[in-house]
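Numbering follows our numbering, in which position 327 of the sequence shown is assigned residue number 327; successive positions increment by one, without gaps. Worksheet: one structure, shown below.
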Amino acid sequence: MDKFTSFYLGCSPKDWTYGEAVLKRRLGDNFFIYASSSNIYTKTFDGIDIAGRRLADEVLDVVKKMSSLRKISFLAHSLGGLFARYAIAILYSLEAKNEGQSSAQIVPAARGSAKSRYTSGLGAVAGLEPINFITLATPHLGVRGRNQLPFLQGLSILEKLAAPLAPLIVGRTGAQLFLTDGDPSKPPLLLQMASDCEDKKFILALAAFKNRVLYANVSYDHMVGWRTSSVRREKDLVVKPSHRSLDGYKHIVNVEYCSPVSSEGPHFPSKAARAKEAAQRTPNTENTEEYHQMMEEEMTHGLQKVGWKKVDVNFHSSFWPYLAHNNIHVKNEWLHNAGAGVIAHVADSIKQQESRPCLPANL
């Protein structure tokens, strides 16, 4: 029997103990579930690109050992979502593997050759048919200020110190999250990941999945803000998010289907390069705000080229609402069980996707 495989990403495979058990129970034996272990603990500090390559290698190893696999999905929490986006760009190819063909033989995407084919969700990731790409509380637009990194509480001194200190605390990953990585004249990694580069097709890889879902905490998540985890502009946020849960899924308050938006972006103009240099050398609230606003707009342009299902989560009524960042994937069954409804929703979404049409892309 052909099997589906789902890869789950967190700081440790133990982070998915509860989620894995629920998904196995709800999805059945036709799904092979694998919790990634290639980027545990401090390895997450090495950089999104390095962690993404590790994950890609791990996926290829699993696929090579499991010859019955035909379809693939990714479910990732927090930074894991960025690692997964980088990994699928490495694993993306024009054709699915044939019987007897190893994963190492999959041909990578050719430059400029796949535009029309991938708008219908065609293509392969690790030689398999891509089905679901799901992230929970992932900082897709990076982090900055109280809107994207709420624990700073809007205090200017903390916001000023956060960017230069981030690389010292969380390594290359920190600089990449604050969009200050690399040469001032070159776009930061997260902006590159919102477009199709010559050697990595980040958007085409996303478009290959039939279903792309963003789960986002509307409040109480002091690590990842609502905007960055749901890829929304400030004007797109609801002033007063709903407190009423959907039937059968406690704490899920809204589901929105967003069609793809045609765009020529993202771009990195000379003005952005100057702003990046200022944010790197003499960071202050004013210049970092200007730089991040430009980058967020460009990243949004790129990521909106594919359609998304956006699921808003609100733990306002839970016993420990301020644990929202870990509640959303039930990191610990005893402490974070408020997120049980979210995991149930994820499992049902994965199962239902097999009978639904794909979300479109506008490439």
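Positions of the beta carbon are idealized from the N, C-alpha and C atoms, including for glycine. Treat the numbers as computed from the prediction; the structure is a model and nothing was measured.
Counted within 10 angstroms of its Cβ, other Cβ atoms place residue i as buried (16 or more) or exposed
i             : result
lysine 271    : exposed
histidine 366 : Because the chain spans 1 through 363 in this model, residue 366 falls outside it and cannot be assessed.
lysine 210    : buried
glutamine 153 : Since pLDDT at glutamine 153 reaches only 39, below the 50 mark, its modelled position is unreliable, and the value read off the structure follows with that caveat. When all chains shown are included, glutamine 153 counts as exposed.
leucine 23    : buried
serine 102    : Its pLDDT being 46, under 50, serine 102 is placed unreliably in this model, and the coordinates cannot settle the point.
lysine 276    : buried
lysine 235    : exposed
valine 238    : exposed
lysine 65     : exposed
lysine 198    : The sequence shown places glutamate at residue 198, rather than the lysine named in the question. Classification of glutamate 198: exposed, given that the 10 Å Cβ count is below 16.
glycine 47    : buried
arginine 233  : exposed
arginine 227  : buried
Residues that residue i bridges to, as DSSP identifies them
i              : result
lysine 309     : Val213, Tyr257
isoleucine 252 : Val313
glycine 196    : Sequence inspection shows aspartate at residue 196; the glycine mentioned does not correspond to that position. According to DSSP, which records beta bridges pairwise, aspartate 196 is partnered with Lys201.
leucine 246    : Tyr249
CB-CB length for residue i against residue j, believed under 8 angstroms
i              : j              : result
leucine 141    : threonine 300  : 7 angstroms
isoleucine 72  : proline 130    : 6 angstroms
asparagine 254 : alanine 324    : About 15 angstroms separates the two Cβ atoms, so there is no contact after all.
tyrosine 364   : valine 306     : Any question about residue 364 goes unanswered here, given that the chain covers just 1 to 363.
leucine 136    : isoleucine 328 : 5 angstroms
asparagine 39  : alanine 51     : 4 angstroms
isoleucine 88  : valine 213     : With a Cβ gap of about 14 angstroms, isoleucine 88 and valine 213 do not count as contacting.
tryptophan 308 : valine 231     : 7 angstroms
glycine 123    : alanine 208    : 4 angstroms
Whether residue i touches residue j by CB criterion (7 angstroms)
i                : j                : result
asparagine 181   : proline 187      : A small correction: the amino acid at residue 181 is aspartate; asparagine does not occupy that position in the sequence shown. Result no, Cβ atoms of aspartate 181 and proline 187 do not sit closer than 7 angstroms.
tyrosine 18      : glutamate 298    : no
arginine 85      : methionine 193   : yes
leucine 91       : alanine 126      : yes
leucine 128      : leucine 60       : no
leucine 55       : phenylalanine 83 : yes
glycine 78       : threonine 138    : In the sequence as presented, glycine is not what sits at residue 78; that position holds serine. It is a contact, given that the beta carbons lie within the stated cut-off.
valine 62        : tyrosine 41      : no
arginine 144     : alanine 347      : no
valine 313       : isoleucine 252   : yes
serine 195       : glycine 302      : yes
histidine 345    : tyrosine 257     : no
methionine 366   : leucine 179      : In the structure displayed, the chain extends from 1 to 363; residue 366 sits before or after that span and is not available.
asparagine 132   : glutamine 352    : no
tyrosine 291     : alanine 273      : no
phenylalanine 45 : glycine 171      : yes
Cβ of residue i within 7 angstroms of any chain D Cβ
i           : result
proline 139 : This model lacks chain D altogether; it includes just one protein chain.
Problem - Any beta strand (DSSP E) of 3 or more consecutive residues that is wholly inside the segment 16 to 76 - result: Entirely contained in the segment 16 to 76, the beta strand (DSSP E) runs reaching 3 residues are, in chain order, 31 to 35.
Handout entry: Contained alpha helix (DSSP H) runs [length at least 4] in the segment 269 to 303, N- to C-terminal order
Key = 270 to 281, 285 to 303, all fully within the segment 269 to 303.
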